[in-house]
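Everything on this sheet refers to the single structure shown next.
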Amino acid sequence: MSKLQSRPFRFIPAHYKVVGETSTADENSEMSLSSEKTNRSRSASSSIAESSSSSLIHSNTAPKVIDDRESSIFLVEFIDNSRRIYTAHKLKCGVTIQVGEHVLEECPSVLEDLNYDLMECLLVLPASVRSLVRRTKIWLNRNYSYGPVNNPKTVRHTTAHHFAGWLLCVRDNPEKTESIEIYDAAEYQKTRAHYNGGGLMLHELCHIIHQKVLPAGLNNPMVIEIYRVASESTKYTTVLRRDWALKDVEYDMAYCIVNYKEFFAEISVTYLADFYHEVDGAGSQDMAKCSPPFVSLAVIERIQNALSQNAKSGNINARGNSKYQIIEDTNRVLPHCNKFFPFTKGQLRLYDPRVYKCFEKLWDLIENWEDKDKRRCESCVWF
Ligand SMILES: [Zn+2]
1029 MSKLQSRPFR FIPAHYKVVG ETSTADENSE MSLSSEKTNR SRSASSSIAE
1079 SSSSSLIHSN TAPKVIDDRE SSIFLVEFID NSRRIYTAHK LKCGVTIQVG
1129 EHVLEECPSV LEDLNYDLME CLLVLPASVR SLVRRTKIWL NRNYSYGPVN
1179 NPKTVRHTTA HHFAGWLLCV RDNPEKTESI EIYDAAEYQK TRAHYNGGGL
1229 MLHELCHIIH QKVLPAGLNN PMVIEIYRVA SESTKYTTVL RRDWALKDVE
1279 YDMAYCIVNY KEFFAEISVT YLADFYHEVD GAGSQDMAKC SPPFVSLAVI
1329 ERIQNALSQN AKSGNINARG NSKYQIIEDT NRVLPHCNKF FPFTKGQLRL
1379 YDPRVYKCFE KLWDLIENWE DKDKRRCESC VWF
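Numbering (the working numbering), first residue to last: 1029 to 1411.
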C-alpha cells in the first residue's frame, strides 16, 4: 500500500484503487489497517467484491483524475491478472487448453493428464453435451494470486467461472466466463488422484452443464429442492473422504453440502461413476472396505507406512492392513470415483435413494437437451 502526498489533481493509474479518504495521515493509517483486518476475516470473494465498491470506482482503461485538495488518500496497487499470457493447445480429445506461462516447463505431463481426464468425461457424459464440453475452454496456470500487490491472496484450486463479475473483481479477463480455470497445474495433478483421474474435471464440467443445460440454469428448482432435502438430512454431515485415508480422522462434512451448486456438481460426479461395483454394498463406515483403490502417492505412502509399522508390531488387525487397495502403476488409467462418500453410483443408490432418483431425472433432462450451438469437431470422430 502506498500513500501519495496531498496535492491538487493527480492521475490515478488504472490498476490502483482508493481504499480510504480522510483528512489526516493518522486517520488514513487507521482506516486502511482496520479495513485490511476486516477483509482478512471475511471470505476471499467477499473481501474483493467489497473492496471493488470503495470510494473510487476503478477502470481498466483510462487513468482517473481526482480533486483531493482538502484530503490525503491511500492507493492500493492491485495485481493485474488480465495481462497474463496464454497459448492455446488443442488436445486430442478436442478440448482447447489455454496454457499459461511456465506451466509446461514445471508440469510437463499436465496436458497428458488433462487429455485422459477429459476423454473419460466425454465417455461418461451423454452425447448431448459433448460439443459443449469441447467448446468449454480450460485456462491453466502454474500459480495465481489476486488482490493487493503487497498482500496478495494465492489460490490453488480449480474452478468454473459462471459470470464476469468475479473475473473483473480480481482484475482478470472476462473472456474466461463460462469456462474452467486451473489456478495451479501441479496442485491439479496431485488432487485428481483422489478421484482416480477424471472426477475432478468432471465436477467442474458439471457446473457448466448446470448453468448451460438444465432448465432455468443455475436456478433450476429441482436442484435447489433436492439440495434442501439433503441438507436437512444428516446423510452428508460426516462422511468418509479418500484423501484422508489412514489419517487420525477419515471423516469430514461432504463438500456437496456447501451449497446447491456444489451439490449438483458433486453428486453428478458420483452418479456418473458407474464403476467399482464390488464396493456397492460395502456400507459407508469402513474406508478399507468401501473405497475404490487408491492411486494418490500421498495416500499410498500412508498405507505402506502403516503396513510396515503393523508388521513390526505384529498387530495385523490394526488399520493399515492389506484391506486398503492400492494401485501403484501410474500408467494405468482408471475410471473415476468421488473423493467424498458416496464414492460411486451404486453406493449413492443404496445410501440415498431419494437423491439418486432425482439425479436420474436431472440427467434424463440433460441427455435430451438440444444443443443449438453444436459444432462438429473433425479431430474427434471417435465420439
Ligand atoms: Zn465446485
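For glycine and all other residues, C-beta sits at the position ideal for the given N, C-alpha and C.
Exercise. Taking only the alpha-carbon atoms, compute the straight-line gap between residue 1294 and residue 1106 and give it to the nearest angstrom.
Key: Numbered from 1 along the sequence shown, position 266 holds the residue referred to as residue 1294. Numbered from 1 along the sequence shown, position 78 holds the residue referred to as residue 1106. One C-alpha to the other measures close to 33 Å.
- Of the choices 1180, 1165 and 1276, whose alpha-carbon is the least far from that of residue 1108? Residue numbering aside, residue 1108 sits at position 80 when the sequence shown is read from its first letter. Comparing Cα positions, the closest option is 1180.
Any chance the CB of residue 1204 is under 8 Å from a heavy atom of ligand 1?
-> Position 176 of the sequence shown, counted from the start, is the residue given in the question as residue 1204. No, the beta carbon of residue 1204 sits no closer than 8 Å to any heavy atom of ligand 1.
Any heavy atom of ligand 1 inside 8 Å of the beta-carbon of residue 1334? Here residue 1334 corresponds to residue number 306 of the sequence shown, with the count starting at 1. No.
Open item on the list: Any beta carbon from chain B within less than 9 Å of residue 1284's own beta carbon?
Closed with: Reference to chain B is not applicable here, since this structure consists of a single protein chain.
Boundaries of the alpha helix (DSSP H) in which residue 1289 is found, first to last residue: In the sequence shown, residue 1289 corresponds to position 261, counting from 1. Per DSSP, the continuous alpha helix (DSSP H) segment holding residue 1289 begins and ends at 1288 to 1299.
Nearest-angstrom beta carbon gap, residue 1220 and residue 1228 [assumed within contact, 8 Å]:
Within the sequence shown, residue 1228 is the residue found at index 200, counting from 1. Within the sequence shown, residue 1220 is the residue found at index 192, counting from 1. Yes, they are in contact, since the Cβ atoms of residue 1228 and residue 1220 sit about 5 Å apart, within 8 Å.
Hey, is residue 1282 close to ligand 1, as in C-beta under 8 Å from one of its heavy atoms? Reading the sequence shown from its first residue, position 254 is the one you call residue 1282. Not under cutoff, so the answer is no.
Can you look up residue 1280 in the DSSP assignment and give me helix, strand or coil?
Start at 1 with the first residue of the sequence shown, and residue 1280 comes out as number 252. In this structure, residue 1280 counts as strand in the three-state DSSP scheme.
If you pair each beta-carbon of the segment 1281 to 1288 with each one of the segment 1312 to 1331, do three or more pairs fall below 8 Å?
no
If we count the other Cβ atoms within 10 Å of its Cβ and call it buried at 16 or more, is residue 1325 buried or exposed? On the sequence shown, residue 1325 is found 297 positions in, with the first residue counted as 1. Flag for residue 1325 reads exposed.
Exercise for the section: Please state if the CB of residue 1195 and the CB of residue 1125 are separated by a distance shorter than 9 Å. Expected result: Taking the first residue of the sequence shown as 1, we reach residue 1125 at position 97. Taking the first residue of the sequence shown as 1, we reach residue 1195 at position 167. No, Cβ-Cβ distance for residue 1125 and residue 1195 is not below 9 Å.
Can you give me the C-alpha to C-alpha distance between residue 1231 and residue 1339, rounded to a whole angstrom?
The residue labelled residue 1231 in the question sits at position 203 within the sequence shown. The residue labelled residue 1339 in the question sits at position 311 within the sequence shown. Whole-angstrom Cα-Cα distance: 39 Å.
Do the CB positions of residue 1307 and residue 1262 come within less than 9 Å of each other? Here residue 1307 refers to the residue found at position 279 when the sequence shown is read from its first residue. Here residue 1262 refers to the residue found at position 234 when the sequence shown is read from its first residue. No.
Alpha carbon to alpha carbon, how far is residue 1104 from residue 1148? Give it in angstroms, no decimals.
Locating residue 1148 in the sequence shown gives position 120, counting from the first residue. Locating residue 1104 in the sequence shown gives position 76, counting from the first residue. Answer to the nearest angstrom: the Cα atoms are 45 Å apart.
Residue 1249 by DSSP, collapsed to three states: which one?
For the purposes of this step, residue 1249 is taken as residue 221 along the sequence shown, with counting starting at 1. In the structure shown, residue 1249 sits in a helix (DSSP, three-state: H, G or I).
By how many angstroms is the C-alpha of residue 1170 removed from the C-alpha of residue 1130?
-> For the purposes of this step, residue 1130 is taken as residue 102 along the sequence shown, with counting starting at 1. For the purposes of this step, residue 1170 is taken as residue 142 along the sequence shown, with counting starting at 1. If you take the alpha carbons of residue 1130 and residue 1170, they lie about 6 Å apart.
Which value, in whole angstroms, describes the spacing of the CA atoms of residue 1156 and residue 1300? Here residue 1156 refers to the residue found at position 128 when the sequence shown is read from its first residue. Here residue 1300 refers to the residue found at position 272 when the sequence shown is read from its first residue. Taking the straight line joining both Cα atoms gives about 15 Å.
| Can you list the beta strand (DSSP E) stretches of 3 or more residues lying completely in the segment 1158 to 1208, in chain order? | Complete beta strand (DSSP E) runs here, min 3: 1166 to 1168 and 1186 to 1189.
Quiz item: In the structure shown, what three-state DSSP assignment does residue 1055 receive?
Solution: Start at 1 with the first residue of the sequence shown, and residue 1055 comes out as number 27. Unreliable positioning characterises residue 1055 in this predicted model, as indicated by a pLDDT of 30, which lies under 50. The coordinate reading is nonetheless provided below. Looking at residue 1055 - three-state DSSP - the assignment turns out to be helix.
**Message:** Suppose contacts are defined by Cβ-Cβ distances below 9 Å. Is residue 1363 in contact with residue 1304 by that definition?
**Reply:** On the sequence shown, residue 1363 is found 335 positions in, with the first residue counted as 1. On the sequence shown, residue 1304 is found 276 positions in, with the first residue counted as 1. Against a cut-off of 9 Å, the Cβ pair of residue 1304 and residue 1363 comes out as a contact.
Span of the beta strand (DSSP E) holding residue 1115? Within the sequence shown, the letter at position 87 stands for residue 1115. In the DSSP assignment, residue 1115 falls within the beta strand (DSSP E) that extends over 1114 to 1118.
query = Thinking C-alpha only, which one of 1215, 1158 and 1154 is nearest residue 1183?
reply = The count along the sequence shown starts at 1 and reaches residue 1183 at position 155. The residue with the shortest Cα to Cα distance from residue 1183 is 1215.
**Asked** What is the residue span of the alpha helix (DSSP H) that residue 1394 lies within?
**Response** For the purposes of this step, residue 1394 is taken as the residue at position 366 of the sequence shown. Residues 1381 to 1395.
### Task
Note down the Cα distance separating residue 1354 from residue 1222, rounded to an integer number of angstroms.
Sequence index remark: in the sequence shown, residue 1354 carries index 326 (1-based). Sequence index remark: in the sequence shown, residue 1222 carries index 194 (1-based). Roughly 12 Å separates the two Cα atoms.
Exercise. Can residue 1139 and residue 1119 be called in contact, C-beta distance under 9 Å?
Worked result: What you label residue 1139 is simply residue 111 of the sequence shown in a count that begins at 1. What you label residue 1119 is simply residue 91 of the sequence shown in a count that begins at 1. A contact, by the Cβ cut-off of 9 Å.
- Task: With hydrogens ignored, establish whether the beta-carbon of residue 1134 is closer than 8 Å to any heavy atom of ligand 1.
- Result: Stepping through the sequence shown from its first residue, residue 1134 is reached at position 106. Result no, Cβ not under 8 Å from ligand 1.
Cβ-based neighbour list, residue 1165, same chain, cut-off 7 Å, excluding 5 preceding and 5 following: For the purposes of this step, residue 1165 is taken as residue 137 along the sequence shown, with counting starting at 1. Excluding positions up to five away in sequence, the list reads 1124, 1126 and 1207.
query = What does the shell around ligand 1 hold, if a residue joins when its beta-carbon is under 6 Å from any heavy atom?
reply = 1231, 1235, 1290 and 1293
Original post:
Helix, strand or coil: which one does DSSP assign to residue 1128?
Top reply: Along the sequence shown, read from residue 1 onward, the residue named residue 1128 stands at position 100. Strand at residue 1128.
Handout entry: Reference residue 1202; option with closest CA among 1366, 1218, 1144 and 1190
Key = Here the question's residue 1202 lines up with position 174 in the sequence shown. It is 1190.
- Confirm, please, whether the CB-CB distance from residue 1225 to residue 1144 is below 9 Å. Here residue 1144 refers to the residue found at position 116 when the sequence shown is read from its first residue. Here residue 1225 refers to the residue found at position 197 when the sequence shown is read from its first residue. Their beta carbons are under 9 Å apart, which means residue 1144 touches residue 1225 by this criterion.
inquiry  = Pull the bridge partners of residue 1268 from the DSSP assignment, please.
reply    = Residue 1268 sits at position 240 when you count from the first residue of the sequence shown. Beta-bridge pairing links residue 1268 to 1279.
**Prompt:** Going by Cα to Cα distance, which pick from 1198, 1186, 1258 and 1200 is closest to residue 1210?
**Reply:** As a first step, residue 1210 is located in the sequence shown; it is residue number 182 there, counting from the start. Comparing Cα positions, the closest option is 1186.
*Less than 8 Å between the CB atoms is what I'm expecting for residue 1251 and residue 1238, so what's the real figure, rounded?*
Working through the sequence shown from its first residue, we reach residue 1251 at position 223. Working through the sequence shown from its first residue, we reach residue 1238 at position 210. Rounded, the Cβ-Cβ distance is 7 Å, consistent with contact.
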